[in-house]
Amino acid sequence: VDLTEYLGKAPDAFKTTEEALAFYKDILNLVGEFAATEIAPFTAELDRQGIDFQDGEATLPARQAKIFEALRKLELHGMCLPRELGGMNVPFITFLINTELLARADASVMAHHGFHGGTAMAMLLFSLREGTTEFDAAAGRMTKTRFAKEIEEIRLGKAWGSMDITEPDAGSDMAQLRTIGVQGADGSWTVTGQKIFITSGNGKYHFVIARTETATTSDDPMAGLNGLTMFMVPAFEDGPNGRTRLATLDRIEEKIGHHGSATCALTYDKTPAQLVGKRGEGFNYMLTLMNNARLSVGLESVGLMEAALRLARGYAAERRSMGKTIDRHEMIADYLDELETDIVGLRALAMHGAFSEEMAQKIAILEASGVGRGDPRAEAFLADAKGYRAESRRVTPLLKYLVDEKAVEAARKCLQIHGGAGFTTEYGAEKLLRDSLVFPIYEGTSQIQSLMAMKDTLGAIMKDPKGFLTRSAQALWRSRSARDDLERDVAELQRISLEVQRHLITRTATDKARSLRGTPVASWPKTFTKDWNPKRDFSYAMLHAERLTRILTDTAIADLLWKQAQSHPDRRVWAERWVERALPRVRYLQDEITTTGDRLLASLKHETRKAA
């Protein structure tokens, strides 16, 4: 609240934290009521109607249009925008709770809604980052920002935007992007190329990643991510004589689920574009968008899991079999118990990740604004910025990986609990399953999240081996000597996690040492410490990256719930339930990592040699 309210210096700031929290809760109660009464009863209708696409334009069908007109009137598209821009000035974490509430009702509506306020906030964050937002530090007010006109249009519900990255031959491998940005003699820019699988790509404002730098050789740094630049591109202009398209909306994808969300293909052909930041900074700007988007998908997945639990629990409490309702049968009870435990643990991790990311961003805004310069509170926040950034980077891929995978699992169990009825369209279980299947794919696949987590984890060990050994010794000691049984179990999870990390880094180093055979001894130090090829040197760790990520996430949630239990004793039961299920999982994964993989890697190496 302090950061959101510019340390209370703005004249319209809440006077107390309690006032602010009451306001945030009022908004969330409003969203929850709206989701329950205006969206949830019509999910089957939204699923059937899909998105209309005629004559190169996509339009919302009647039911969805009515929902978004109501959202516009409630001014929910401006939730997180500062008051200076007409917004409600609520924290981003409140928007993410709103995301879960809407996703409980319908994932498609939630996804489309997110590209309204989300795009407006991205415009503001980009302007702050490039230095085109100005503040009156004394008054605690923002006085100017670059995209004010576009933000206002989105806040009023007249427009929305999208993030355009994926291309026909470039998905997760962004270094292969072919869309180009060209600067004219007058300094203006245009973009040319095709983008596909763009969620809500029928909107007006598009953040487009394009290649602007020409590489001279294949190993030129500009051939990869450093050659990419971010642009803000209006896809059309509306005037008194109708709409003039600046980019072509090629098609709306026919999908297995998320029928109420437009997934688009667009073609840019020398389309006028506005440079965001500097040339070559596109990948870093994209990460700002992607971090927020991945947290949003995490809460979207939690929302769908909550819907699956409620649907399954309600059905199981009424369906009788063998003399009792099926929720009293041991296997079904176990399903429901695990699903409930998963939701609590993953929601806790999501809130922790969201808090860390927002604190990092808000501290950056505080620093840019100059508000409170010299104030001990401001200085304390600034001193903590690095820690929040690091924690957000650590948590986000763990959350994105496990919650998306668990959402599919939750929907699948919900359908199974419904039995034959779940395979029909009457109850809605099959829709939850269809909608869940995209979560492990969009905004960065599960495999990309695992590779990020693995590389960061092993990279941290290489940077600070002494610290790693210290943590390992501490976890071992706590797992043996802690007086509290739960604390010992949490420490045991940490011990296993660190032991697995030790195994992977040792194996990676051993494989690297083998690759030095035939290399002059004098070059070994440089080759071993600096010349790392991820595709070659990390092959064993890459093979087990998903298993490692599951261990890291199980351990992170257990640690988080244990810490919560110290301040809130009623949370202890959730920590106990999580650890009860996590320990067997982690032991199994440890066994897989330490005993499997050599055969497959040898086969891949052999096939590579044959191809060469």
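Numbered by the numbering used here, the letters in the sequence shown go through residues 306 to 917 in order. The beta carbon of each residue, even a glycine, is placed where N, CA and C say it ideally should be.
What is the DSSP secondary structure of residue i, reduced to helix, strand or coil?
| i | result |
| --- | --- |
| W465 | coil |
| A570 | strand |
| L580 | strand |
| R812 | helix |
| E731 | coil |
| F452 | coil |
| D555 | strand |
| G383 | helix |
| A712 | helix |
| I746 | coil |
| I503 | strand |
| T593 | helix |
| T364 | strand |
| V414 | helix |
| F390 | The identity of residue 390 in the sequence shown is Leu, whereas the question assumes Phe. Helix. |
| V395 | coil |
| I561 | coil |
| A758 | helix |
| E881 | helix |
| L482 | coil |
| H849 | coil |
Have a look at residue i and residue j and give me their C-alpha separation to the nearest angstrom.
| i | j | result |
| --- | --- | --- |
| V700 | H657 | 8 Å |
| D790 | G628 | 39 Å |
| P889 | D859 | 11 Å |
| S566 | L401 | 19 Å |
| I459 | Q481 | 32 Å |
| T750 | M757 | 11 Å |
| L704 | R785 | 29 Å |
| V414 | F502 | 17 Å |
| M393 | D642 | 38 Å |
| I372 | T342 | 11 Å |
| L609 | G619 | 15 Å |
| D794 | T775 | 19 Å |
| A683 | G677 | 6 Å |
| L379 | R584 | 39 Å |
| E635 | M664 | 43 Å |
| R451 | V581 | 10 Å |
| L335 | E897 | 47 Å |
| A712 | G492 | 47 Å |
| P366 | R625 | 39 Å |
| A814 | A765 | 14 Å |
| K314 | T321 | 12 Å |
| T504 | T854 | 27 Å |
| F686 | D875 | 30 Å |
| T762 | T519 | 33 Å |
| W494 | P545 | 26 Å |
| I856 | E804 | 11 Å |
| S477 | Q754 | 11 Å |
With the cut-off set at 8 Å, would you say residue i and residue j are in Cβ contact?
| i | j | result |
| --- | --- | --- |
| K667 | L308 | yes |
| G611 | I557 | Per the sequence shown, the amino acid found at residue 611 is Glu instead of Gly. Their beta carbons are not under 8 Å apart, which means E611 does not touch I557 by this criterion. |
| V487 | S606 | no |
| I862 | A653 | yes |
| Y510 | P539 | yes |
| T348 | K736 | yes |
| L866 | G603 | no |
| I561 | R698 | no |
| D469 | F431 | no |
| Y329 | T399 | yes |
| W777 | F440 | Trp is not the amino acid found at residue 777; the sequence shown has Ser there. Result no, Cβ atoms of S777 and F440 do not sit closer than 8 Å. |
| G587 | I514 | yes |
| T471 | T484 | no |
| G532 | R516 | yes |
| T576 | A552 | yes |
| I456 | V395 | no |
Identify the residues that DSSP records as bridge partners of residue i: which are they?
| i | result |
| --- | --- |
| Y510 | G466 and P539 |
| D441 | R446 |
| G498 | Y573 |
| E472 | A475 |
| V487 | T495 |
| A515 | T534 |
| R698 | None, per the DSSP bridge assignment. |
| R550 | F541 |
I'd like to know whether the C-beta of residue i is nearer than 8 Å to at least one C-beta of chain D.
| i | result |
| --- | --- |
| A567 | Considering every chain present, this structure includes no chain D. It has just one protein chain. |
Every unbroken alpha helix (DSSP H) inside the stretch 604-679 [4 residues or more]: 635-674
Every unbroken alpha helix (DSSP H) within the stretch 306-362, with a cutoff of 4 residues, ordered by chain: 322-339 and 348-354
Length at least 3, wholly inside the stretch 764-800: the beta strand (DSSP E) runs in chain order: none
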